[in-house]
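Asks: Attaching a single structure in structure tokens format; questions to follow.
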Amino acid sequence: MFQLKANGTDVKTEVISGFTTFLTMVYIVVVNPAILSAAGVPFNTVFMATIISAVIGTLWMAIFANYPIAIAPGLGMNAYFVTVVTTEKLDYSVAFAAVFVAGIIFLLLSLTPLREKIIEAIPHNLKAGITAGIGLFIAFLGFRMTGIIVSNDSNLVGLGDLHSPEALLAIVGLLITLILLALNVKGALFIGMIATGIIAFFTGELKFTDGIVKLPPMPEFVFTNPLHAFGDVISYGLYAVVLSFLLITIFDTTGTMIGVAKKAGLMKGESLPNAKQALMADAVATSVGSMFGTTPTSAYIESSAGVATGGRTGLTTLTVAILFMISAFFAPLVGAVSGISAITAPALIVVGSMMIGAVKEIDWDTLDEAFPAFLVILAMPLTSSIAIGLAFGFISYPILKVFTGKWRELNWFLIVIAILFFILVAFLPH
Numbered sequence: 001m002f003q004l005k006a007n008g009t010d011v012k013t014e015v016i017s018g019f020t021t022f023l024t025m026v027y028i029v030v031v032n033p034a035i036l037s038a039a040g041v042p043f044n045t046v047f048m049a050t051i052i053s054a055v056i057g058t059l060w061m062a063i064f065a066n067y068p069i070a071i072a073p074g075l076g077m078n079a080y081f082v083t084v085v086t087t088e089k090l091d092y093s094v095a096f097a098a099v100f101v102a103g104i105i106f107l108l109l110s111l112t113p114l115r116e117k118i119i120e121a122i123p124h125n126l127k128a129g130i131t132a133g134i135g136l137f138i139a140f141l142g143f144r145m146t147g148i149i150v151s152n153d154s155n156l157v158g159l160g161d162l163h164s165p166e167a168l169l170a171i172v173g174l175l176i177t178l179i180l181l182a183l184n185v186k187g188a189l190f191i192g193m194i195a196t197g198i199i200a201f202f203t204g205e206l207k208f209t210d211g212i213v214k215l216p217p218m219p220e221f222v223f224t225n226p227l228h229a230f231g232d233v234i235s236y237g238l239y240a241v242v243l244s245f246l247l248i249t250i251f252d253t254t255g256t257m258i259g260v261a262k263k264a265g266l267m268k269g270e271s272l273p274n275a276k277q278a279l280m281a282d283a284v285a286t287s288v289g290s291m292f293g294t295t296p297t298s299a300y301i302e303s304s305a306g307v308a309t310g311g312r313t314g315l316t317t318l319t320v321a322i323l324f325m326i327s328a329f330f331a332p333l334v335g336a337v338s339g340i341s342a343i344t345a346p347a348l349i350v351v352g353s354m355m356i357g358a359v360k361e362i363d364w365d366t367l368d369e370a371f372p373a374f375l376v377i378l379a380m381p382l383t384s385s386i387a388i389g390l391a392f393g394f395i396s397y398p399i400l401k402v403f404t405g406k407w408r409e410l411n412w413f414l415i416v417i418a419i420l421f422f423i424l425v426a427f428l429p430h
């Protein structure tokens, strides 16, 4: 079913890769409810909705697309959701109606060749820039999560307190992981996380004060009539909100899929085989998840950790989906482990170093090709947004082509995407 031999992998590798991806992204089942609680959404509602949407999207990716790319509610979109609810003074159910409408439009677009054309239309140098940019993004995320890098009033960012328990644990975990990789130990990233977790437990950092197992709450629908959702969007005039959710989700997921697929060697030339089913995964998960009470889903950059461990097929994501199902019964355990960023941060930092190698594919001698790719690489970690990083590259690319007399290299599709990105950056909240 998963064509393991054809993809040069085996069951053990895929399962270990699934565990690796899951451990690097499971924080979302705790973080998402914590963020959305600011919009008045009950913790248990979001907890179950997060798991349901992750399971649906990731299972779709596993069974229909056979890709090792996991799906779950995207960070950033949940913060934007809170902003919409608080500034527009809406009931959260109305805001979820806007998410649902964006998800349905997203689903309809995924049934057309449009999203596949976006992937094919992205120039090779920009694709390499996306992979490298995501690498810097997740490495920076790893440093920031553990307090090794902190905010700084005079210089935006600076070195944190390396004597803090979290930073020390992350550094030790990073050293263990690097040594395992240098010795070519299979599953080095996963073993590194387990070793860091054990150290955290015996040093008193990892505590299971609320126990380990707990029966999950029953999932509840935020709204049950899809027609009412469209009615709410119209009556409250939430068109800009729907457009923001739609554009950010489309380009965020597309960028992540390209970055992870290139790292896994799944790209065939400039195209992604079976792209339609892969792109359908987050569209279906967004539509269903909004009805249970969570924000738009996205392909997770943390999937690159599983890919770095050897994951190449849907068996990796099937493992992730099963683990998300199980996590519903282990909320205290998940909360305790995901609360210690140092356990997963070393894997993100190491994978980031692997992905930055894509810069060698960029034609640095041609300014109109190199500079847009450079902007993508720079903007992703600095804005903490894959979509905004893409926007910088896509807007600058056609401008430079026109003024260097190479406008014939452009096609109308690239120009339309550049215009959409300009609207996103200049006029829509993000």
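Residue numbers (the UniProt record's numbering): 1 to 430. The beta carbon of each residue, even a glycine, is placed where N, CA and C say it ideally should be. Nothing here was measured: the structure is a model prediction, and the numbers come from that model.
Would you kindly check if the distance between the Cβ of I377 and the Cβ of G133 is under 7 Å?
Replies: Translated into positions along the sequence shown, residue 133 becomes position 133. Translated into positions along the sequence shown, residue 377 becomes position 377. Closer than 7 Å, so yes.
Asks: Within the same chain, show all residues whose beta-carbon is closer than 8 Å to that of S298, passing over the 5 residues directly before and after it, in chain order.
Replies: The residue you call residue 298 lines up with position 298 of the sequence shown. The answer, listed in chain order, is I71, A72, P73, G74, M77, T249, D252, T253, T256, D282.
Asks: For I176 versus G192, is the C-beta distance shorter than 7 Å?
Replies: Along the sequence shown, read from residue 1 onward, the residue named residue 176 stands at position 176. Along the sequence shown, read from residue 1 onward, the residue named residue 192 stands at position 192. Yes, they are a contact pair.
Asks: M355: buried (16+ other C-beta within 10 angstroms of its C-beta) or exposed?
Replies: Against the sequence shown, residue 355 aligns to sequence position 355. M355 should be labelled buried.
Asks: Could you tell me if M218 is buried or exposed, where buried requires 16 or more neighbouring beta carbons within 10 angstroms of its beta carbon?
Replies: Counting from 1 along the sequence shown, the entry for residue 218 is found at position 218. Flag for M218 reads exposed.
Asks: Apply the 10 Å Cβ neighbour rule to G18 and answer buried if 16 or more other Cβ atoms are within range, or exposed otherwise.
Replies: Mapped onto the sequence shown, residue 18 falls at position 18. Per the 10 Å Cβ criterion, buried.
Asks: Which residues does DSSP list as the beta-bridge partners of G158?
Replies: For this step, residue 158 is matched to residue 158 along the sequence shown. G158 pairs with V150.
Asks: Could you give the distance in angstroms between the alpha-carbon of G103 and the alpha-carbon of S235?
Replies: In the sequence shown, residue 103 corresponds to position 103, counting from 1. In the sequence shown, residue 235 corresponds to position 235, counting from 1. Rounded to whole angstroms, G103 to S235 spans 19 Å at the Cα level.
Asks: When you compare only the Cα positions, how much space is there between G352 and V260?
Replies: Within the sequence shown, residue 352 is the residue found at index 352, counting from 1. Within the sequence shown, residue 260 is the residue found at index 260, counting from 1. Each residue's Cα considered, the two are about 11 Å apart.
Asks: So, with DSSP's three-state summary, where would you put I71?
Replies: Here residue 71 refers to the residue found at position 71 of the sequence shown. I71 falls in the strand class under three-state DSSP.
Asks: Kindly indicate which residue of G8, Y239, I130 has the alpha-carbon position closest to the one of A370.
Replies: To locate residue 370, count along the sequence shown from 1; it is residue 370. Nearest option by C-alpha distance: I130.
Asks: Note down, in chain order, each residue of its chain lying with its Cβ closer than 7 Å to the Cβ of N152, except the 5 sequence neighbours on either side.
Replies: Counting from one through the sequence shown, the residue named residue 152 turns up at place 152. For N152, where only same-chain residues beyond five positions count, the Cβ hits under 7 Å are G158.
Asks: How would you write the range of the beta strand (DSSP E) that T297 sits in, first residue to last?
Replies: Locating residue 297 in the sequence shown gives position 297, where the first residue counts as 1. Run containing T297: 297 to 299, per the beta strand (DSSP E) assignment.
Asks: Give me the Cβ distance between V101 and F230, rounded to the nearest whole Å; I'm assuming they're in contact under 8 Å.
Replies: Numbered from its first residue, the sequence shown carries residue 101 at position 101. Numbered from its first residue, the sequence shown carries residue 230 at position 230. Correct: roughly 6 Å between the Cβ atoms.
Asks: Any Cβ of chain C within less than 7 Å of the Cβ of S303?
Replies: Reference to chain C is not applicable here, since this structure consists of a single protein chain.
Asks: Could you spell out where the alpha helix (DSSP H) holding T317 opens and where it closes?
Replies: Position 317 of the sequence shown, counted from the start, is the residue given in the question as residue 317. It spans 314 to 327 - the alpha helix (DSSP H) in which T317 sits, taken as one unbroken run.
Asks: CB A387 to CB V425, shorter than 7 Å?
Replies: For the purposes of this step, residue 387 is taken as the residue at position 387 of the sequence shown. For the purposes of this step, residue 425 is taken as the residue at position 425 of the sequence shown. Result no, Cβ atoms of A387 and V425 do not sit closer than 7 Å.
Asks: Less than 7 Å between C-beta atoms, sequence neighbours within five positions excluded: which residues of the same chain meet that for M145?
Replies: Residue mapping note: residue 145 aligns to position 145 of the sequence shown, counting from 1. Excluding sequence neighbours, M145 sits near S341, A345.
Asks: Return helix, strand or coil for S271, following the three-state DSSP convention.
Replies: Residue 271 sits at position 271 when you count from the first residue of the sequence shown. Residue state, collapsed to three classes: strand.
Asks: Go ahead and label F324 buried or exposed: buried means 16 or more other beta carbons lie within 10 angstroms of its beta carbon, across all protein chains shown.
Replies: One-based indexing of the sequence shown puts residue 324 at position 324. Classification for F324: buried.
Asks: Return the residue from the list I362, M267, M25 that minimises the CA-CA distance to A321.
Replies: Against the sequence shown, residue 321 aligns to sequence position 321. Checked all of I362, M267, M25; the closest Cα to A321 is M25.
Asks: So F2 and T313 are in contact, right, with Cβ under 8 Å, and what is the actual spacing, rounded?
Replies: Here the question's residue 2 lines up with position 2 in the sequence shown. Here the question's residue 313 lines up with position 313 in the sequence shown. Contact holds; Cβ gap of about 4 Å.
Asks: Would you kindly work out how many angstroms separate the C-alpha atoms of L136 and V350, rounded to a whole number?
Replies: By 1-based counting over the sequence shown, the position of residue 136 is 136. By 1-based counting over the sequence shown, the position of residue 350 is 350. Distance between the alpha carbons of L136 and V350: 10 Å.
Asks: Spatial neighbours of F22 within its chain, please: CB distance less than 6 Å, with the 5 preceding and 5 following residues excluded, ordered by chain position.
Replies: The residue you call residue 22 lines up with position 22 of the sequence shown. Taken in chain order, the residues that qualify are V320, L323.
Asks: Determine the DSSP secondary structure at P123, reduced to helix, strand or coil.
Replies: To locate residue 123, count along the sequence shown from 1; it is residue 123. The answer is coil: DSSP assigns P123 none of H, G, I, E or B.
Asks: By how many angstroms is the C-alpha of E120 removed from the C-alpha of N66?
Replies: For the purposes of this step, residue 66 is taken as the residue at position 66 of the sequence shown. For the purposes of this step, residue 120 is taken as the residue at position 120 of the sequence shown. Between N66 and E120, the C-alpha separation is close to 20 Å.
Asks: Count the other CB atoms within 10 Å of the CB of G237; is the residue buried (16 or more) or exposed (fewer)?
Replies: For this step, residue 237 is matched to residue 237 along the sequence shown. Under this definition G237 is an exposed residue.
Asks: Are the CB atoms of V41 and G293 nearer to each other than 7 Å?
Replies: Residue numbering aside, residue 41 sits at position 41 when the sequence shown is read from its first letter. Residue numbering aside, residue 293 sits at position 293 when the sequence shown is read from its first letter. In contact: V41 and G293 (Cβ atoms closer than 7 Å).
Asks: Please state whether DSSP places N184 in a helix, a strand or coil.
Replies: Counted from its first residue, the sequence shown places residue 184 at position 184. DSSP places N184 in coil when its eight states are reduced to three.
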